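A.B. asks:
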Amino acid sequence: MSSDAYDYEALGLVAGLEIHQQLDTETKLFCESPTELREPEESDRTISRFLHPTKSELGELDDAALEESRVDREFEYLAYDSTCLVEEDDEPPTEVDGEALSVAMQIASLLDMEIVDQLHVMRKLVIDGSNTSGFQRSMLLGQEGEIETSEGLVSIVDLLLEEESAQRVEEYDGGVRYSLDRLGIALVEIGTGPDIRSPAQAKEAAKRIGMLLRSTGKVKRGLGTIRQDVNVSIEEGARVEIKGVQALDQIDEIVRLEVGRQSELLDIADELQARDASVGDTQDVTNVFEDTDSGVIGGALGDGGKVTAVPLFGFDGLVGREIQPDRRLGTEFSDHAKRNGAGGIFHTDELPAYGVTDDEVAALRDAVDAGDEDAVAIVAADAETADLAIEAVAERAETAIEGVPEETRDATDEGTTRYLRPLPGAARMYPETDVPPVEPDPSEIDEPELLTEKVDRYQDEFGLDSGLAEQVAYGRRMPLFEEAVDRGIDPTFAASVLESTVTELRRDDVPVENIADAHFLAVFDLVADDELAKEGVNDVLTVLAEQQDLTAEAAIEEAGLGGVDDEEVREIIAGVVERNADQVAEEGMGAFSGLMGECMAELRGKADGDTVSDVLREEIGKRS
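Counting in full-length UniProt numbering, the sequence shown runs from 1 upward without gaps.
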């Protein structure tokens, strides 16, 4: 369904954003560990934790934490020589990092926010294992800001400065493995008000905030360094928080598809209510499948498991109804079963299939007293998991009769979403006792030049065309470009190398992320000093990407581009002309284009193109 198929105003669409951006500081928010990421195999030690929910100061348990605790898992953490006892939760945190605080205040200023008089560090309960302590440290820094969009102002409700979570490496039987390299990196969380009224406005607002963040020059770039959560609801629907949207271009599609999901769920609820639908008691139906040919069910029973079922009275034909592309109401049920450890569910809207026969379906219906207008969902797993999972399915079916449940969902690569957990509540926040309050000084804020302003300046001051100016200004190497220009490097040359050349090398599978800023600057200086032809830059950068320990001068030698003087250049070009003497005699200067390519190929970047052109014209002139 296209975006034009929905009347968002009539549907009462309300959306808001939560943007999480890592800051590019030297050290972490509450300790002196560097903010570099490591490879898991570089870990030199591991620690393990088992986490459980605790009550807030008011004696309340958070629903999201409580559900997470139902799955008994071990959490293993990879530690490194670059991580410390704070990340391992074996030492109290230090004071708030001054650099992170300064950058966060700069961001608050760009968002026209009021900075608070005093920062108080809070603990936010998190027991999915992503924090060794079981909580995340967070502090409110700014309030009451706004940004402009073409569809109107969007308020910025708050800006939080907090610590990044640990990075999930892999899941294993009975547990999850995390890496501590990311844990504790300074992060800002920016929350908008519920002012967004269309998918396009959601994308525009996120793009505007992203531009302001990158304008500081102090935010990390690359996959996983920025995440957008989207809160979406429609009239008669419910607030749904969609987590982990990493691609900016996906935001409008995610909002559109969530509007469609809620609309479909409301239609299903209307139909279920019209049918006077209900959810029956869960039952053990293992005996129905004792001789089954289904590999999934047979495998579970062979391991000593069981099959549990829940009758869904009045649900026939609706469990299999599509609510998002390739996702049905039954997929929603399955998400809840998976959250409790099961591999998924089967339901009668899709059976017989997967080795389940017509006779088994009939016997299943008889076992739970389900008629033709009813559906049945089943789970096959070990006894404990089967019981937990089918109860979760039954609970989700109950909410299907009511309408749209409030919940937290996870974004998929296709723009759809899947159930993650209940919405968190206020019970997850309580004061941090180990870090003293901080009084920020807004007078220290140095407001940066916006990226949009940089684009204009690069065109006016450096003569870059609009496309290249935008590429450089919005690119991750913008600070490097400005440093190169400050050193006297030709702006167009520096911009072309940092954007066009790097893109070209990346397409050729050159690991350009390995090239240090110092290497780029050294290459620029060698070109400026006529020690390296521009045509040799690609080869030298390729060597540096693959051998980071080399100097730029050594990379020139490694690439075979060193030691060619003017006389040798002339000899090589004269040789090319001599080999093509007949063509030169016949065409004169008309042979120039073809011979130029041959000369450049033979010199392989050892001489500048302008020099080669001048010498070649001279040599052709001598023979024509």
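We put the CB at the ideal spot given by N, CA and C, even for glycine.
Values in this document were obtained by computation on a predicted structure and should not be read as measured data.
Using C-beta distances below 6 Å, list every residue in its chain close to residue 502, excluding the 5 sequence neighbours before and after it, in chain order.
C.D. replies: 512
A.B. asks: Between the Cα of residue 510 and the Cα atoms of 525, 542, 537 and 496, which residue gives the shortest distance?
C.D. replies: 542 is the residue among 525, 542, 537 and 496 whose C-alpha sits nearest the C-alpha of residue 510.
A.B. asks: For the alpha helix (DSSP H) that residue 207 lies in, which residues bound it at each end?
C.D. replies: Counting along the chain, the unbroken alpha helix (DSSP H) around residue 207 starts and ends at 199-215.
A.B. asks: Compare the Cα-Cα distances from residue 232 to each of 241, 224, 82 and 532 and report the closest residue.
C.D. replies: 241
A.B. asks: For residue 485, which of 603, 506, 30 and 463 has the nearest alpha-carbon?
C.D. replies: 463
A.B. asks: By how many angstroms is the C-alpha of residue 282 removed from the C-alpha of residue 356?
C.D. replies: 20 Å
A.B. asks: Would you call the CB atoms of residue 393 and residue 238 closer than 8 Å?
C.D. replies: Cβ distance not < 8 Å, so residue 393 and residue 238 don't count as in contact.
A.B. asks: Using the C-alpha atoms, what's the distance from residue 347 back to residue 284?
C.D. replies: For residue 284 and residue 347, the distance between alpha carbons rounds to 15 Å.
A.B. asks: Comparing alpha-carbon positions, which option in 505, 256 and 338 lies nearest residue 416?
C.D. replies: 256
A.B. asks: For the alpha helix (DSSP H) holding residue 144, just list the boundary residues, first then last.
C.D. replies: Unbroken run through residue 144 is the beta strand (DSSP E), 135-149; no alpha helix (DSSP H).
A.B. asks: Please report how far the alpha carbon of residue 62 lies from the alpha carbon of residue 421, in whole angstroms.
C.D. replies: In this prediction, residue 62 scores a pLDDT of 49, lower than 50, which makes its location untrustworthy; the coordinate-derived value is nonetheless stated afterwards. When rounded, the distance between both Cα atoms is 11 Å.
A.B. asks: List the DSSP bridge partners of residue 75.
C.D. replies: 49 and 176
A.B. asks: Counting Cβ pairs, one atom from each stretch, are 3 or more of them under 8 Å apart for the stretch 430-445 and the stretch 115-132?
C.D. replies: yes
A.B. asks: Could you check whether residue 85 and residue 180 sit closer than 8 Å to each other, using their CB atoms as the reference points?
C.D. replies: no
A.B. asks: For residue 336 and residue 389, what's the separation of their Cα atoms in angstroms?
C.D. replies: 7 Å
A.B. asks: Would you mind working out which of 20, 595, 489 and 536 sits nearest residue 192, comparing C-alpha positions?
C.D. replies: Selected option, being the one with the closest Cα: 20.
A.B. asks: Whose C-beta lies closer than 8 Å to the C-beta of residue 9 among residues of the same chain, with five residues either side of it excluded?
C.D. replies: 197
A.B. asks: According to DSSP, simplified to helix, strand and coil, what is residue 471?
C.D. replies: helix
A.B. asks: I'd like to know whether the C-beta atoms of residue 625 and residue 141 end up nearer to each other than 8 Å.
C.D. replies: Nothing about residue 625 can be read from this structure; the chain reaches only from 1 to 624.
A.B. asks: Quick one: is the Cβ of residue 596 within less than 7 Å of any heavy atom of the ligand SAM?
C.D. replies: As presented, the structure is devoid of all ligands, the ligand SAM included, so that no description of it is given.
A.B. asks: Are three or more beta carbon pairs between the stretch 549-559 and the stretch 574-592 nearer than 8 Å?
C.D. replies: No, they do not touch.
A.B. asks: Got a sec? Which residues, its chain only, sit under 6 Å from residue 286 by beta carbon, not counting five neighbours each side?
C.D. replies: 306 and 307
A.B. asks: Using only CA atoms, which one of 505, 519 and 468 lies nearest to residue 495?
C.D. replies: 468
A.B. asks: On the DSSP bridge list, what partners appear for residue 170?
C.D. replies: 177
A.B. asks: Which of the three DSSP states, helix, strand or coil, is assigned to residue 155?
C.D. replies: strand
A.B. asks: Report the start-end ranges of each beta strand (DSSP E) in the UniProt domain "Asn/Gln amidotransferase" (479-620) that is 3 residues or longer and not cut off at the edges.
C.D. replies: none
A.B. asks: Within 10 angstroms of the Cβ of residue 98, are there 16 or more other Cβ atoms? Answer buried if so, exposed if not.
C.D. replies: exposed
A.B. asks: Give me the Cα-Cα distance between residue 208 and residue 105, rounded to the nearest whole angstrom.
C.D. replies: Answer to the nearest angstrom: the Cα atoms are 18 Å apart.
A.B. asks: Comparing C-alpha positions only, which one of 473, 558 and 288 sits nearest to residue 368?
C.D. replies: 288
A.B. asks: Measuring CB to CB, does residue 33 end up less than 8 Å from residue 224?
C.D. replies: no
A.B. asks: According to DSSP, simplified to helix, strand and coil, what is residue 247?
C.D. replies: coil
A.B. asks: Between the Cα of residue 194 and the Cα atoms of 353, 204 and 16, which residue gives the shortest distance?
C.D. replies: Out of 353, 204 and 16, 16 has the C-alpha closest to the C-alpha of residue 194.
A.B. asks: In this structure, does DSSP put residue 9 in helix, strand or coil?
C.D. replies: helix
A.B. asks: Smallest Cα separation from residue 29: which of 163, 76, 159 and 87?
C.D. replies: The shortest Cα separation from residue 29 among 163, 76, 159 and 87 belongs to 163.
A.B. asks: Provide the residue span of the alpha helix (DSSP H) that contains residue 315, from first to last.
C.D. replies: Looking at the DSSP string, residue 315 is not in any alpha helix (DSSP H), and its letter there is neither H nor E.
A.B. asks: Using DSSP with H/G/I as helix, E/B as strand and the rest coil, what is residue 127?
C.D. replies: coil
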